[in-house]
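Last residue of the sequence shown: 163 (the UniProt record's numbering), numbering continuous. Just so you know, even glycine gets a beta-carbon here, dropped at the ideal spot from N, CA and C. From a predicted model like this one, the values you see are computed outputs, not experimental measurements.
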Amino acid sequence: PTQRPTSPKTHLEVIDARETAPEKSSKHMFDHHSLASVQGGLAVATPGELRGLELLHRRHGSLPWKDVVDPALRLAQDGFAVSSRLADAIALHWDKISQNPALAALLSKKKDGKVPLRTGDWLQRPVLAQTLGRVAREGAAALHAGGTARTLAQEIREAGGIV
Numbered sequence: 001p002t003q004r005p006t007s008p009k010t011h012l013e014v015i016d017a018r019e020t021a022p023e024k025s026s027k028h029m030f031d032h033h034s035l036a037s038v039q040g041g042l043a044v045a046t047p048g049e050l051r052g053l054e055l056l057h058r059r060h061g062s063l064p065w066k067d068v069v070d071p072a073l074r075l076a077q078d079g080f081a082v083s084s085r086l087a088d089a090i091a092l093h094w095d096k097i098s099q100n101p102a103l104a105a106l107l108s109k110k111k112d113g114k115v116p117l118r119t120g121d122w123l124q125r126p127v128l129a130q131t132l133g134r135v136a137r138e139g140a141a142a143l144h145a146g147g148t149a150r151t152l153a154q155e156i157r158e159a160g161g162i163v
């Protein structure tokens, strides 16, 4: 909660939208692979944030869901200039980023994974924009059922995950 009760009658609500462990996970799955809990496919859990945001919107929102999603969709579609902070973070972690071809392509100047983005370069996320378009139309179901869910699950499995 972000507010403190000001009186005994103040009502606070907490929505736990954290990710959950995949159904196939086990208590000891990271015992012999310490980095696997933070890197690679096994680090991916079942997402919960979008369902939590959808629940929050349903209970307390006043704008149409599409209008809530639209600014993020437009930013992903139209893109933005890379800030010095983002450029510094990309440069700092480029060795690790370049080990993931899809991520390196996304964060490189010519989308070839070779030269990292720098301050002032333009970053667009067209695939994210398409996904957000489905989220705007279908809600959280866009990530948890249908084609997008199947694609995500397949990519996670290909990376060694168990979602």
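In the DSSP output, what is residue i paired with across the bridge?
| i | result |
| --- | --- |
| glycine 123 | Note that residue 123 corresponds to leucine in the displayed sequence, not to glycine. Answer by DSSP bridge pairing, in chain order: Phe80. |
| proline 116 | Ser108 |
| threonine 46 | Thr20 |
By the three-class DSSP mapping on this structure, what secondary structure does residue i have?
| i | result |
| --- | --- |
| serine 108 | strand |
| threonine 148 | helix |
| threonine 20 | strand |
| threonine 10 | coil |
| alanine 89 | helix |
| lysine 27 | coil |
| proline 1 | Unreliable positioning characterises proline 1 in this predicted model, as indicated by a pLDDT of 46, which lies under 50. A coordinate reading is not provided. |
| residue 245 | This structure cannot speak to residue 245, because the chain is shown only from 1 to 163. |
| glycine 133 | helix |
| serine 34 | helix |
| valine 163 | coil |
| glutamine 99 | coil |
| glutamine 39 | coil |
| glycine 139 | coil |
Going by other Cβ atoms of all chains shown within 10 Å of its Cβ, with 16 needed for buried, is residue i buried or exposed?
| i | result |
| --- | --- |
| glycine 146 | exposed |
| serine 62 | exposed |
| leucine 73 | buried |
| proline 71 | exposed |
| alanine 21 | exposed |
| residue 177 | Nothing can be reported for residue 177, as the shown portion of the chain is limited to 1 through 163. |
| alanine 104 | buried |
| leucine 132 | buried |
| proline 1 | The pLDDT assigned to proline 1 is 46, lower than 50, so where the model puts this residue is not dependable; a value taken from the coordinates is nonetheless given after this. The residue is exposed, with fewer than 16 neighbouring Cβ atoms inside 10 Å. |
Does the separation of the CB atoms of residue i and residue j fall below 7 angstroms?
| i | j | result |
| --- | --- | --- |
| valine 69 | valine 135 | yes |
| leucine 56 | isoleucine 15 | yes |
| glycine 139 | alanine 81 | no |
| serine 108 | proline 116 | yes |
| glutamate 13 | alanine 45 | no |
| residue 176 | arginine 118 | Given a span of 1 to 163 for the chain in the structure shown, any question on residue 176 remains unanswerable. |
| threonine 148 | alanine 141 | no |
| leucine 123 | glycine 79 | yes |
| residue 212 | glutamine 77 | In the structure as shown, the chain begins at 1 and stops at 163. Residue 212 is therefore absent and cannot be evaluated. |
I'd like to know if the segment 108 to 125 and the segment 31 to 50 are in contact, where contact means that at least 3 CB-CB pairs between them fall below 8 angstroms.
no
Does the segment 32 to 49 touch the segment 156 to 163, meaning 3 or more C-beta pairs lie closer than 8 angstroms?
yes
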